[in-house]
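Structure, as structure tokens:
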Amino acid sequence: MIPRLEIDINCDMGEGISNDATIMPFISSANIACGYHAGDERTLWDTIRLAKENNVAAGAHVSFLDKANFGRSEMVLPVPAIYELVIQQLIIIREIADSFDVKLHHVKPHGALYNMAANDAGIAKAIAEAVRDFDHKLIIYGLSNSLSINEAEAAGLKAANEVFADRVYLDDGSLVPRSQKGAVIEDSVKLIEQVLQIVNKKTIITQSGKEIPVKAETICIHGDNEHAAVFAKSIFETLKQNQVVIKAF
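Set out below in structure tokens:
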């Protein structure tokens, strides 16, 4: 018997983009902003409620405290401060999740914190230890084959290797910086080609045209992409047509 293909589709949500209700039916896990880079108590309530109604796994999208830059500017903080940063956001989101009797499923760093953790073992370790000390059953979502994954597993946590449906990659497996033109995929045909290649071939074509291997256990759609709702539906329907099972990691 041929084993069936399974993949998780995650999306960054609760960021005030007003498309959460449209996207939610087409994903399996939601990374919910905890108020540090976007969102507030009201959006947390609304997004967790939506996740529960759509049977979508709810996770914490933790970030630097930097709404002015949407959490996408690097900040230099001591390791204990990063640990505390993560703990505080987990406390915030769990209080509201408990109100809905929703069990938190995962933690995914956002923006600059995500990219820094992928390349800095100290930051990745601080995040992993904070998550482990808060709830060792939580899963860390991190850039595929990065230090984020390594440190999460070293801390005894489950980790989901993440790839991006709507981002362009460099030859070393990192993301093309958003400051560069063409870093974000805007064309739906290219997006679907990339997703199918990730799922079927476990590779990706980089900015330079090189084909590199990736480990993909969860695929991300950015909720702030102007095409996010259309992309989410298109990915969902395409994977279903290709007999790929969509479920939370």
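Here our numbering is used: the sequence shown runs in plain steps of one and ends on residue 276.
Think of the CB as a built atom: it goes at the ideal place given N, C-alpha and C, for glycine as much as any other residue.
- Under the three-state reduction of DSSP output, Pro240 falls in the strand class.
- Judged by DSSP secondary structure, Lys135 falls outside any alpha helix (DSSP H) and instead within the beta strand (DSSP E) spanning 133-136.
- Apart from sequence neighbours up to five positions away, the residues of its chain that approach Pro204 with a beta-carbon distance below 7 Å are Ala210, ordered along the chain.
- Ala256 and Met51 have their alpha carbons spaced roughly 9 Å apart.
- The Cβ neighbour count for Ile118, taken over all protein chains shown within 10 Å, is under 16; the residue is labelled exposed.
- Arg76 is the residue among Asp160, Ser100, Arg76, Val113 whose C-alpha sits nearest the C-alpha of Ile123.
- When DSSP states are grouped into helix, strand and coil, Arg194 belongs to the strand group.
- Between Ala181 and His132, the C-beta gap is not smaller than 8 Å, which leaves the two residues out of contact.
- Take the alpha-carbon of Phe263 and the one of Val271: they are about 9 Å apart.
- The stretch 179-195 makes contact with the stretch 152-169; the number of CB pairs closer than 8 Å reaches 3 or more.
- For the options Asp199, Phe127, Ile114, Asn188, the alpha carbon positioned closest to that of Ala153 is the one of Ile114.
- Ala243 places its beta carbon less than 8 Å from that of Ile34.
- A direct Cα-Cα distance of roughly 7 Å separates His254 from Glu213.
- With fewer than 16 other Cβ atoms inside 10 Å of its own Cβ, Glu80 counts as exposed.
- Assignment of beta-bridge partners to Gly66 by DSSP yields no partner.
- Thr230 is not a Cβ neighbour of Ala187, given a cutoff of 8 Å.
- Per DSSP, the continuous alpha helix (DSSP H) segment holding Gly149 begins and ends at 148-161.
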